[in-house]
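Note sheet for the following structure.
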Amino acid sequence: MSFNLALVLQSIDNKSPIEKLFRHGIQYSQYFLLVNEALEKGFLNYDTHGQEEDLIVTDAGRIFIASAQKKSKGKEPWIIPLDSEKIDSIGIGEIYIPRLTTIRKLKV
Numbered sequence: 001m002s003f004n005l006a007l008v009l010q011s012i013d014n015k016s017p018i019e020k021l022f023r024h025g026i027q028y029s030q031y032f033l034l035v036n037e038a039l040e041k042g043f044l045n046y047d048t049h050g051q052e053e054d055l056i057v058t059d060a061g062r063i064f065i066a067s068a069q070k071k072s073k074g075k076e077p078w079i080i081p082l083d084s085e086k087i088d089s090i091g092i093g094e095i096y097i098p099r100l101t102t103i104r105k106l107k108v
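If you're matching positions, the sequence shown starts at 1 in the UniProt record's numbering and goes up one per residue.
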């Protein structure tokens with residue numbers, strides 16, 4: 001969940017729309033839980049200087065984002081290709097359709 005927390009902090013820091021987080025599988029309920037967690041850990045604060053209360057990322061939050069980014073650039077990839085599913089190169093006009101058993105294994 002620390003990677004998701006870093007994504008949320010980064011989106012708040014960049015003032016990105018929440019919809020971008022949906023591509024990473026974060027839903028509204030998870031988003032608000034992660035925001036609460038970040039507030040508790042001191043990664044976020046409320047900025048009350050403007051007319052609205054905005055969330056701002058603290059220095060501790062930026063350090064957390066940087067450490068999460070360093071961890072994600074390790075030698076091991078996050079998604080490891082399965083040797084059993086590798087295929088020979090196909091032409092540009094060809095389409096690869098995986099076996100039905102492979103698709104069933106991927107369902108969560």
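Glycine is no exception: its CB is placed at the ideal position from the N, C-alpha and C atoms.
Between Phe-32 and Leu-9, the C-beta spacing is not below 7 Å. With a 10 Å radius around the Cβ and a threshold of 16 neighbouring Cβ atoms, Ala-38 comes out buried. Around the Cβ of Gly-91, a 10 Å sphere holds fewer than 16 other Cβ atoms; the residue is exposed. Within the DSSP secondary-structure output, Tyr-46 pairs in a beta bridge with Leu-55. When Asn-4, Asp-13 and Ile-103 are compared, the shortest CA-CA separation from Phe-22 is found for Asn-4.
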